[in-house]
Each structure stands twice: as structure tokens, then as C-alpha cells.
Amino acid sequence: KSLLLEIVRQSDKVKMIEVLGRIAAGGKTTRELLRREKEKPKTGRPKAYVYQYRDPGKKFNVKLNFSKARVNRGELISALEAILRNLKESGD
């Protein structure tokens with residue numbers, strides 16, 4: 003049933019015949035190919051870790067970007083403490 007729908011969804015008769023031939027030859031269908039493509043891991047640089055905090059009273063938001071992809075709780079606390087130290091020392 004899904005194979006018939008896949009054939010009918012093609013834009014013209016030539017493409018319908020191509021899909022039908024691929025299915026008859028035991029080849030992969032478009033849906034199967036799309037699923038396989040989605041499963042492939044993305045290559046490239048990992049995304050930077052972003053910590054976001056929203057005050058329950060909605061008075062402020064904090065967004066802290068790290069240069070690496072994974073940050074443990076201790077590193078997060080250390081970064082926040084460093085920010086507090088810096089603010090206290092600057093006297094603003």
C-alpha cells in the first residue's frame with residue numbers, strides 16, 4: 003500500500019516508472035533511502051554547550067556559552083563563581 007502511494011506521489015509518469023523499476027529490481031525505495039540518510043551521524047564540529055536559566059519570577063534570564071560541547075556540573079558552578087568574583091571585584 004505504501005509503495006503504491008510512493009509511486010503515485012511522483013510528479014510525472016517517467017519518475018513513476020523509475021520508482022516502479024527500482025522497487026521491482028529489489029532496490030531501496032525513497033522512504034527507505036530517506037530514513038537511512040537521517041540515521042547518518044552529522045559530521046563537523048560539535049555544538050558548544052549553552053546553559054540557560056530563567057528566573058521563576060521572569061525578572062531576568064542567564065545564558066552562558068561554553069566553548070566545548072559537554073560541561074559537567076562542577077565546571078558550570080566554577081564558571082558561575084568566577085563571574086560572581088569578577089562582578090564583586092569590579093565594584094560596579
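Following our numbering, the numbering of the sequence shown begins with 3 at its first residue and continues without gaps.
Virtual Cβ for every residue (Gly too), placed ideally from N, Cα, C.
Judged by their CB atoms, Tyr51 and Val73 are nearer to each other than the 8 Å cut-off. Taking the Cα positions, Glu77 is about 12 Å away from Asn67. Per DSSP, reduced to three states, the secondary structure at Asn88 is helical. In the DSSP annotation of this structure, Arg24 is not part of any beta strand (DSSP E); the continuous alpha helix (DSSP H) holding it starts and ends at Lys15 to Ala26. Rounded to whole angstroms, the gap between the alpha carbons of Pro48 and Val64 is 22 Å. One Cα belongs to Leu5, the other to Met18, and the distance between them is close to 11 Å. DSSP places Val73 outside both helix and strand once states are collapsed to three, so it counts as coil.
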